[in-house]
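In my numbering, the protein residues as written are 1435 to 1762. Data first, discussion second: the structure below is written as structure tokens.
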């Protein structure tokens, strides 16, 4: 199967599960960029988001997790797009000085990259985000007032915005970040970030992504693990989601438009994080699933845990998986 004479695949690293590659700050970007040199590649934001940097390329389709699930179920198609009109939602809880840093950031991204940032809005109430690491070692959290995001999103869409960037206040948690900075822990904010973006995707069917805002935006001089380093040299994580959303695919239910699940040639996943909708739907459709052994997670769902597993191909490295895909 090809899309406009090009293979198309999906490269997913779920967020908040401590993936040894892609569990930090855009540290799966190098691997994904190699795939995107040869195939059109659907990626979840976690793969390429890296604070003030981004691993995104023009051959990638930046797609949020809930939308990915809908795509793999065959409920929607992904319509390649460019220069999307982006609206930004800021949490009312963000202090003015922190908000000013982010407004300067959005203006810089717009000026330097020509990103089409159309509007920003502040929620009418505080969103109320809480996050923590659960006993099983994965990132989770709660949102006390997610409906205020919905009202803000509706407002932006009525003004013609086509993609939504969300910035909510997260309380600083140095204790949770110690292992993460060393490149051995779990991203403590990843789980609740998924709740925020899933909500907008589910209810409004538009591309979206989230970047956290912290009260302490000072840059610390400590040397951290290279996998996490992008997040320790900048006061804001907003640039990466704006760069991703600019060319994120639009969502359509018209099967005659865009990319359908039937167009997909392969799915690439960490080897022991296979208990997800994209994996099960791929297997039902006889789409090969490449399980990458060099990418370990806090989960324990591998090929041996799945009944219908003949199309799961365990491969030691991303490089070997790409070679197999190009040979097929």
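We put the beta carbon where it would ideally sit given N, CA and C, even for glycine.
| query | Considering residue 1504, what are the terminal residues of the alpha helix (DSSP H) in which it resides? | reply | First-last of the alpha helix (DSSP H) with residue 1504: 1499-1506.
| Expressed to the nearest angstrom, what Euclidean distance is found between the alpha-carbon atoms of residue 1517 and residue 1741? | Cα-Cα distance, rounded: 43 Å.
| Going by the CB atoms, is the gap between residue 1576 and residue 1559 shorter than 7 Å? | No, Cβ-Cβ distance for residue 1559 and residue 1576 is not below 7 Å.
| query | At which residues does the beta strand (DSSP E) containing residue 1600 begin and terminate? | reply | Counting along the chain, residue 1600 sits inside the beta strand (DSSP E) bounded by residues 1597-1604.
| query | According to the neighbour-count rule (16 or more other Cβ atoms, all chains shown, within 10 Å of its Cβ), is residue 1465 buried or exposed? | reply | Residue 1465 should be labelled buried.
| task | Go through its chain and collect everything with a Cβ distance to residue 1520's Cβ below 8 Å, but skip five positions before and after it. | result | In its chain, beyond the 5 residues on either side, 1549, 1550, 1551, 1552, 1595, 1596, 1597, 1598, 1599, 1676, 1679, 1680 have a beta carbon closer than 8 Å to the beta carbon of residue 1520.
| task | Quickly, what does DSSP pair residue 1722 with across the bridge? List them, please. | result | DSSP lists no partner for residue 1722.
| Three-state class that DSSP yields for residue 1582 in the structure shown | Helix at residue 1582.
| First and last residue of the uninterrupted beta strand (DSSP E) at residue 1554 | Counting along the chain, the beta strand (DSSP E) containing residue 1554 begins and ends at 1551-1556.
| said: Could you compute how far the alpha carbon of residue 1755 sits from the alpha carbon of residue 1734? | reply: Taking the straight line joining both Cα atoms gives about 21 Å.
| field | Given residue 1585 as reference, the closest of 1629, 1661, 1556 once Cα atoms are compared | value | That would be 1556, whose Cα lies nearest to the Cα of residue 1585.
| task | Pick helix, strand or coil for residue 1475, following the three-state DSSP scheme. | result | Strand at residue 1475.
| query | Hey, would you say the C-beta of residue 1623 is under 6 Å away from at least one heavy atom of the ligand SAH? | reply | The model on display carries no ligand, and the ligand SAH is accordingly not part of it.
| query | Looking only at its own chain, which residues have a Cβ that is under 6 Å from the Cβ of residue 1684, when we skip the five neighbours before and after it? | reply | Short of 6 Å from the beta carbon of residue 1684, and not among the five residues preceding or following it, lie these beta carbons of its own chain, in chain order: 1513, 1515.
| task | Could you tell me whether the segment 1466-1479 touches the segment 1659-1667, where touching means 3 or more Cβ pairs closer than 8 Å? | result | The answer is no - the segment 1659-1667 does not touch the segment 1466-1479, with fewer than three Cβ pairs under 8 Å.
| said: Tell me the residue span of the beta strand (DSSP E) that contains residue 1564. | reply: Note, residue 1564: beta strand (DSSP E), 1563-1567.
| said: Using CA atoms only, rank isn't needed, just tell me which of 1707, 1725, 1695, 1732 is closest to residue 1718. | reply: Of 1707, 1725, 1695, 1732, the residue nearest in Cα terms is 1695.
| So, are the CB atoms of residue 1601 and residue 1579 less than 7 Å apart? | The beta carbons of residue 1601 and residue 1579 sit no closer together than 7 Å.
| query | How would you write the range of the alpha helix (DSSP H) that residue 1673 sits in, first residue to last? | reply | Under the DSSP assignment, residue 1673 falls in the alpha helix (DSSP H) whose first and last residues are 1672-1680.
| request: Name the residue from 1748, 1709, 1712, 1721 whose alpha carbon lies nearest to the alpha carbon of residue 1728. | output: Residue 1728 has its Cα closest to that of 1748, out of 1748, 1709, 1712, 1721.
| message | Buried or exposed, going by whether 16 or more other CB atoms sit within 10 Å of the CB of residue 1628? | response | Residue 1628 is buried by the Cβ-count criterion.
| Between the C-alpha atoms of residue 1440 and residue 1473, what's the straight-line distance to the nearest angstrom? | For residue 1440 and residue 1473, the distance between alpha carbons rounds to 6 Å.
| message | Between the segment 1452-1460 and the segment 1484-1495, can you find at least three pairs of beta-carbon atoms closer than 8 Å? | response | Contact between the segment 1484-1495 and the segment 1452-1460 is present, because at least three Cβ pairs lie under 8 Å.
| message | Contact defined as beta carbons within less than 8 Å: I believe residue 1506 pairs with residue 1641. What is the distance between those atoms, to the nearest angstrom? | response | Wrong, their Cβ atoms sit about 17 Å apart, outside the cutoff.
| query | What is the residue span of the alpha helix (DSSP H) that residue 1454 lies within? | reply | Under the DSSP assignment, residue 1454 falls outside any alpha helix (DSSP H); it carries neither an H nor an E label.
| said: For residue 1752 and residue 1726, I'd like the C-alpha separation in whole angstroms. | reply: When rounded, the distance between both Cα atoms is 6 Å.
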